[in-house]
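Residue numbers (full-length UniProt numbering): 1 to 270.
1. Please report how far the alpha carbon of residue 217 lies from the alpha carbon of residue 138, in whole angstroms.
2. Examine the Cβ distances between the region 140-157 and the region 98-118 and report whether three or more of them are shorter than 8 Å.
3. Can you tell me the Cα-Cα spacing of residue 264 and residue 78, whole angstroms?
4. Return the residue from the list 125, 7 and 211 that minimises the CA-CA distance to residue 57.
5. Assuming residue 181 is part of the alpha helix (DSSP H), what are its boundary residues?
6. For the alpha helix (DSSP H) that residue 222 lies in, which residues bound it at each end?
7. For residue 2, does the three-state DSSP call read helix, strand or coil?
8. Taking one C-beta from the region 108-122 and one from the region 170-177 each time, how about it: are there three or more such pairs within less than 8 Å?
9. DSSP state of residue 245, grouped into three classes?
10. Check whether the Cβ atoms of residue 41 and residue 5 lie closer than 8 Å to each other.
11. Does the beta-carbon of residue 34 have 16 or more other beta-carbons within 10 angstroms, so that it is buried, or is it exposed?
12. Report all residues from its chain with a CB closer than 6 Å to the CB of residue 72; omit the five preceding and five following residues, and keep chain order.
13. Looking at residue 195 and residue 136, is the spacing between their C-beta atoms short of 8 Å?
14. Look at the Cβ atom of residue 59, then the Cβ atom of residue 251, and state whether they are nearer than 8 Å.
15. If you measure between the beta carbons of residue 257 and residue 186, is that distance less than 8 Å?
16. Could you pull the start and end residues of the alpha helix (DSSP H) that residue 85 belongs to?
17. Is residue 213 closer than 8 Å to residue 149 when the C-beta atoms are compared?
18. Looking only at C-alpha atoms, which of 166, 143, 164 and 237 sits nearest to residue 259?
19. If you run the structure through DSSP and keep just helix, strand and coil, what is residue 190?
20. Determine the burial state of residue 140: buried for a count of at least 16 other Cβ atoms within 10 Å of its Cβ, exposed for fewer.
21. Is residue 130 helix, strand or coil by DSSP?
22. For the alpha helix (DSSP H) containing residue 118, list its first residue and its last residue.
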């Protein structure tokens, strides 16, 4: 039986069809109808970010669904248990943190006994929030992965910022094949070493964090009427879309690797 994650990743390329269609329409209109061309490009600017936001939500749902279908609460990674149970206890108080931790531990122990199913909501960012780099970091921290962009820094996926469009697409297909194979069964099996994913502590913001903030800023300026001019050439949008799709596969690999190695274990990347 395939996993929820594999089924989702297998369909990711098809989900980009609407953006591909818009980009092709923009190419054909660039010389003949410049106003239409600008309008289409502005639409693509918003949709690309919308796809990144939807991806983070769908990735979370798929992982939670696979956890629920494949194991008991007692087998879940401890970070998943802590995030889920903390929704019932609220934020950690400034005073008497020890009492909060004791309550959290007691609740986890009780749910271990009850073998409950979990929902995805506690792992996501607030509603109506754009998928900023910080928001993505928070979602991954909720699953137990700290500094997710540190794993991408100086890895193979960093190289795409110096690649052509064709090279980026080829790399995305390679990563897609990796994650489809890794998520065929649960627990997922991922080889980080082959992809150059290591926990690093970069000085300052990573290339991917800068990229995500840039596309969010462009989306914000268009969606909220700050900028009524089109600042994005269709070739830039096509490359931006390819980078975001590749990022989706890279983040999925990181998530799958952590969940796969930490299920039934207190170990894994962190």
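Backbone N, C-alpha and C fix where the C-beta goes; we use that ideal spot for every residue, glycine too.
On the basis of the coordinates in this document:
1. In the chain shown, counting from the first residue as 1, residue 217 sits at position 217. In the chain shown, counting from the first residue as 1, residue 138 sits at position 138. Their backbone Cα atoms lie some 19 Å apart in a straight line.
2. no
3. Taking the chain shown and counting its residues from 1, the one referred to as residue 264 is at position 264. Taking the chain shown and counting its residues from 1, the one referred to as residue 78 is at position 78. Confidence in residue 264 is poor, its pLDDT being 44 and thus under 50, which makes the residue's placement unreliable; the coordinate value appears in the next sentence. So the two alpha carbons sit approximately 9 Å from each other.
4. Position 57 of the chain shown, counted from the first residue, corresponds to residue 57. Minimum Cα distance to residue 57 is reached at 125.
5. Working through the chain shown from its first residue, we reach residue 181 at position 181. Per DSSP, residue 181 belongs to the alpha helix (DSSP H) from 165-182.
6. Numbered from 1 along the chain shown, position 222 holds the residue referred to as residue 222. Counting along the chain, the alpha helix (DSSP H) containing residue 222 begins and ends at 207-223.
7. The residue labelled residue 2 in the question sits at position 2 within the chain shown. Here residue 2 sits in coil by DSSP.
8. no
9. Numbered from 1 along the chain shown, position 245 holds the residue referred to as residue 245. Residue state, collapsed to three classes: helix.
10. Your numbering for residue 41 matches position 41 in the chain shown. Your numbering for residue 5 matches position 5 in the chain shown. Result no, Cβ atoms of residue 41 and residue 5 do not sit closer than 8 Å.
11. Here residue 34 corresponds to residue number 34 of the chain shown, with the count starting at 1. That one is exposed.
12. Translated into positions along the chain shown, residue 72 becomes position 72. Contacts found: 115.
13. On the chain shown, position 136 is the one that residue 136 refers to. On the chain shown, position 195 is the one that residue 195 refers to. Taking 8 Å as the Cβ cut-off, residue 136 and residue 195 do not qualify as a contacting pair.
14. Residue mapping note: residue 59 aligns to position 59 of the chain shown, counting from 1. Residue mapping note: residue 251 aligns to position 251 of the chain shown, counting from 1. Yes, the pair counts as a contact, with Cβ atoms nearer than the cut-off.
15. As a position in the chain shown, residue 257 is number 257, starting the count at 1. As a position in the chain shown, residue 186 is number 186, starting the count at 1. No, the Cβ-Cβ distance between residue 257 and residue 186 is not below 8 Å.
16. Numbered from its first residue, the chain shown carries residue 85 at position 85. Taken as a continuous stretch (DSSP letters only), the alpha helix (DSSP H) holding residue 85 covers 78-89.
17. Start at 1 with the first residue of the chain shown, and residue 149 comes out as number 149. Start at 1 with the first residue of the chain shown, and residue 213 comes out as number 213. Taking 8 Å as the Cβ cut-off, residue 149 and residue 213 do not qualify as a contacting pair.
18. Along the chain shown, read from residue 1 onward, the residue named residue 259 stands at position 259. Of the candidates 166, 143, 164 and 237, the one whose C-alpha sits nearest the C-alpha of residue 259 is 143.
19. Here residue 190 corresponds to residue number 190 of the chain shown, with the count starting at 1. Note: residue 190 maps to coil in three-state DSSP.
20. Position 140 of the chain shown holds residue 140. By the 10 Å Cβ count, residue 140 comes out buried.
21. Looking up residue 130 in the chain shown gives position 130. Residue 130: coil per DSSP, three-state reduction.
22. Sequence index remark: in the chain shown, residue 118 carries index 118 (1-based). Per DSSP, residue 118 belongs to no alpha helix (DSSP H) and is neither H nor E.
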